[in-house]
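In the numbering used here, the protein residues as written are -1 to 232. Step one of this worksheet: look at the structure below.
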């Protein structure tokens, strides 16, 4: 994969300090640190087989996961934008005719809305250019926390590597998924929190396939919070 030019062109992609990935369990996963700034769903309305599901803004607690708008090779809501630099490819769980694409559980501690937020998104495969996420309208000197989710159960391994001061990899098959792909409760996939101090109006990070075993890279949703008033401590 051609990653050198992208990483070297995003100097501030090295500002984010990522924590260890955690298993996705339910709505309690959503960070409440500091003050909500923005959140966006990366799914833009067409899955890998050309089918569509309805999308809308989803509110869980104080976090509004906005429906993204699509550009020529990117999407977002003006505050959080994402691109794969070569068209777009989206996945929608639960409506794949080949089977095995199942929604994240909707029963407590999850919910139907949370399942929607984590079950649909954007992906890249081998041969695609790495993606870039841009966090915009930042206040210089403020401390921020970004949260990224990855869940897709399609019997194929997605390992999503995020750049930063330390790189981190999200794994779609983390947790215990039965061999037949059926899921009713439990913890599956990963989310991760990253913190940084804004040195300019934007912050960027690269998402790419972890070559240690991933066939794809994918992102479900992204959220941003201002944690300045908490002293920068999540």
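Where is the CB? At the ideal position from N, CA and C, for every residue including glycine.
6 Å CB neighbourhood of residue i in its chain, flanking five on each side removed
i	result
residue 95	With a pLDDT of 41 at residue 95, under the threshold of 50, the modelled position of that residue is not reliable, and the figure given next carries that caveat. Around residue 95: no qualifying Cβ.
residue 72	79 and 81
residue 24	107 and 108
residue 68	42
Inter-residue spacing [alpha-carbon to alpha-carbon] between residue i and residue j
i	j	result
residue 154	residue 60	33 Å
residue 140	residue 57	25 Å
residue 55	residue 164	32 Å
residue 216	residue 40	10 Å
residue 105	residue 129	32 Å
residue 120	residue 159	14 Å
residue 125	residue 42	22 Å
residue 233	residue 220	Residue 233 is absent from the structure shown; the chain starts at -1 and stops at 232.
residue 173	residue 135	35 Å
residue 228	residue 34	13 Å
residue 127	residue 22	27 Å
residue 131	residue 114	21 Å
residue 142	residue 202	13 Å
residue 162	residue 118	24 Å
Closest by C-alpha distance to residue i, when choosing among the options
i	options	result
residue 102	223, 42, 222 and 218	218
residue 150	205, 214 and 24	214
residue 63	197, 26 and 111	111
residue 123	168, 148 and 206	206
residue 226	14, 31 and 22	31
residue 171	120, 162, 185 and 113	185
residue 116	142, 146 and 198	146
residue 224	67, 29 and 22	29
Check whether residue i and residue j have beta carbons under 7 Å apart
i	j	result
residue 16	residue 212	no
residue 168	residue 19	yes
residue 75	residue 194	no
residue 188	residue 222	no
residue 36	residue 77	yes
residue 166	residue 204	no
Contact set for residue i: own chain, Cβ-Cβ below 7 Å, skip 5 residues either direction
i	result
residue 210	157
residue 65	39, 53, 54 and 55
Distance cut-off 6 Å: residue i Cβ against heavy atoms of the ligand FAD
i	result
residue 124	Within the structure as shown, the ligand FAD is missing, as the structure has no ligands at all.
Contacts around residue i, its chain only, beta-carbon distance under 8 Å, and the 5 residues preceding and following it disregarded
i	result
residue 138	196, 197, 198 and 199
residue 208	157, 158, 159, 167 and 215
For residue i: DSSP bridge partner residues
i	result
residue 190	146
residue 216	121
residue 154	DSSP output for residue 154 lists no bridge partner at all.
residue 203	131
residue 67	74
residue 22	186
residue 159	167 and 206
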